[in-house]
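Quick note: the sequence shown uses our numbering, first residue -4, plus one each step. Everything on this sheet refers to the single structure shown next.
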Amino acid sequence: MAWDRQVTIKTSHELEIMRQAGRINAEALAAARAAIRPGATTADVNAAAEDVLRKYGVYSPFKNYPGPYPYPASTCVSVNEELVHGIPSKSRRLKVGDIVSVDCGTVYDGFVADSAFTAGVGELSETAQKLLEVTEGALKAGISQMKAGNRIGDVSFAIQQFVESRGFHVTREYTGHGVGRRMHEGPQVPNYGTPGRGMILRSGMTIALEPMVLVGTWQTRVLPDEWTVASADGSLTAHFEHTVAVTENGPVILTLLDGEQGGT
Ligand code: MF3
Ligand code: CO
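Laid out in structure tokens, this is it:
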């Protein structure tokens, strides 16, 4: 069966396990964020996240993920025009003004959490600063639609509307996804859509919602390393992602630290 047709409903016990996966993942991402500074390499950022995963005795589902060749790292670290799937490298050094997207996954007790953020290195251009705010805002707008009884199109539309009304573009080529025992399950959740269309959200679904936003146009290209996806026009890009559970009490973000606010 194609991955995007396999939709699983989690029990409350399974949601507890995914919450723990999400907590660990949030700690790994916090360590990655702390490693972002001028002169650091994208490999340093990856190593900071990996140290946390190792401390908990868990691993990232990204490692060896099938593609053009097995994905070689635990995180994706994508700089500026690189939208997603940037491979951490000892030769890519960060400098003031860069924006850095870090995407990490955690497998804990058989369940996956998947989350990403974009952060700046030092002072940013006005456009870069706005891009970060709009992309994070789009994630919140999407999450707020993740109520049982709503449809995927309601979530997708909220993301698209938030981004396009602020003058930026959403990817047409990469989507959010269900997540559970596998990193990629159904349903697919595009970053654009039509309200009232698509699968109905049910309590117990868990979805990795991930707006990927580009300043210039929605088009992308894959770089010669065959993994890194960049904007076709070289314009700046950003990516925020949370793993979110649909519950009777509304959306619950699983990939936060204890006490951290998702801000929905
Ligand atoms: N968050 C990304 C996704 O949902 C991470 C996958 S990167 C890979 O697709 F390396 F694992 F492919
Ligand atoms: Co994802």
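The beta carbon of each residue, even a glycine, is placed where N, CA and C say it ideally should be. As the structure is a computational prediction, the values presented were derived from the model and not from experiment.
Through-space distance from residue j to residue i, alpha-carbon basis
i	j	result
S55	Y187	28 Å
K90	L196	42 Å
E128	S160	13 Å
V165	L10	29 Å
R192	R146	6 Å
T242	G34	43 Å
R176	Y60	14 Å
N244	S120	39 Å
L251	T201	14 Å
F57	E118	31 Å
H234	S73	9 Å
Y103	A203	16 Å
K125	A227	20 Å
Q140	S151	9 Å
E45	M178	18 Å
V107	R14	10 Å
F157	G148	14 Å
Assigned secondary structure, residue i (DSSP; H/G/I helix, E/B strand, else coil)
i	result
L231	coil
F163	coil
D109	strand
S151	helix
L252	coil
I82	coil
I94	strand
A133	helix
A114	strand
E77	strand
H179	coil
T242	strand
T170	coil
G257	coil
V40	helix
V47	helix
Per-residue burial, residue i [other beta carbons within 10 Å of its own, 16 or more giving buried]
i	result
K50	exposed
W213	buried
V53	buried
K85	exposed
A29	exposed
I248	buried
E221	exposed
H8	exposed
T215	buried
A(-3)	exposed
E76	buried
G137	buried
Best match in the options for proximity to residue i [C-alpha to C-alpha]
i	options	result
A43	N59, P63, A68	A68
V47	V107, T6, L24, G148	L24
P83	T223, L134, R18, K125	T223
H172	G162, P185, F163	P185
S198	A143, D93, F152	A143
T238	D93, S7, C99	C99
H80	R88, A29, L119, P63	P63
T122	R32, L209, A26	L209
E205	A29, S226, L134, G211	L134
G17	R0, T189, G105	G105
F112	M194, R88, G148, A21	A21
G229	R88, R87, P190, L78	L78
T189	D(-1), Q15, A153	A153
N41	M207, T232, T70	T70
I31	V95, Y66, I19	V95
**Q.** Segments of 3+ residues assigned as beta strand (DSSP E) that fall wholly inside the region 182 to 239
**A.** Restricting attention to beta strand (DSSP E) runs no shorter than 3 residues, the region 182 to 239 encloses them at 201 to 204, 207 to 209, 215 to 217, 224 to 226, 232 to 234, ordered along the chain.
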